[in-house]
Amino acid sequence: MAEQSPDRRPREPERDQRTGDSAAAARIRHQTHWVEQQVQRAMERGDFDDLPGYGKPIEGLGTEHDPDWWLKKLVEREQVTGVLPPALQLRKDDAALDGRLDRIADEKQVRAEVEEFNAAVRKAIYTPPVGNQPAPPVITSRRDVETEVERWRERRTARVEAQRAALAARAEQERREREESAGSRRSPLRWFRGHPGKEH
């Protein structure tokens with residue numbers, strides 16, 4: 066068996082002469098320390114104080130994970146319209162479905178809307194892509210009709226209760242304003258003259 070030529074031997078990693086660690090590991094530690102220093106200095110200068118959402122809880126934290134959160138935010142922020150591949154169109158429709166259902170007042174129509182959405186999901190799953198271009202995969206799930214109807218009822222009840230509470234608060238505010246206005250129009254002299262126990 067022929068001896069391996071010196072130039073083909075595996076190259077040894079560079080070592081830090083002071084610590085004996087590999088030079089790459091030392092560079093990573095140094096870079097991490099430098100980044101931490103820059104972040105700390107920026108915090109001391111207040112560079113992060115005016116960032117959007119500062120001091121507020123992270124939106125959606127603790128809720129169920131939604132793999133399409135990024136697409137729903139994109140659709141909402143950019144108002145995406147036009148013709149999309151079926152998989153992307155379904156994700157857009159899924160993001161807007163609750164809002165569409167909330168605009169419906171009839172439970173039968175809510176069921177029909179959810180069933181129509183599920184039919185579109187089934188069609189997209191079993192329809193082969195057109196042409197040679199790869200299509201995004203369909204990852205949107207069908208909705209359970211009974212679950213969506215129950216959620217629709219809960220949202221509707223919550224909206225009605227909120228509207229009633231707002232009307233009651235407005236009526237109470239108007240009543241207080243009327244009482245204050247009537248009290249301010251009452252003459253102090255007339256009240257004094259008509260007060261029992263006072264001489265006329």
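Residue 66 is where the sequence shown starts when you use my numbering, and the numbers rise one by one after that.
C-beta: ideal position from N, C-alpha, C; glycine also.
Every value quoted in this text rests on a predicted model; they were computed, and no experiment measured them.
- Taken in chain order, the whole alpha helix (DSSP H) runs of length 4 or more contained in the region 160 to 220 are 172 to 191.
- DSSP places leucine 149 outside both helix and strand once states are collapsed to three, so it counts as coil.
- The C-alpha of alanine 184 is placed about 19 Å away from the C-alpha of glycine 164.
- Using a Cβ distance threshold of 8 Å, alanine 152 and proline 202 count as a contacting pair.
- Distance between threonine 205 and glutamate 101, taken at the CA atoms: about 40 Å.
- Distances from the alpha-carbon of valine 210 to those of Gln154, Lys173, Thr97 and Trp99 put Lys173 closest.
- With 16 or more other Cβ atoms inside 10 Å of its own Cβ, aspartate 159 counts as buried.
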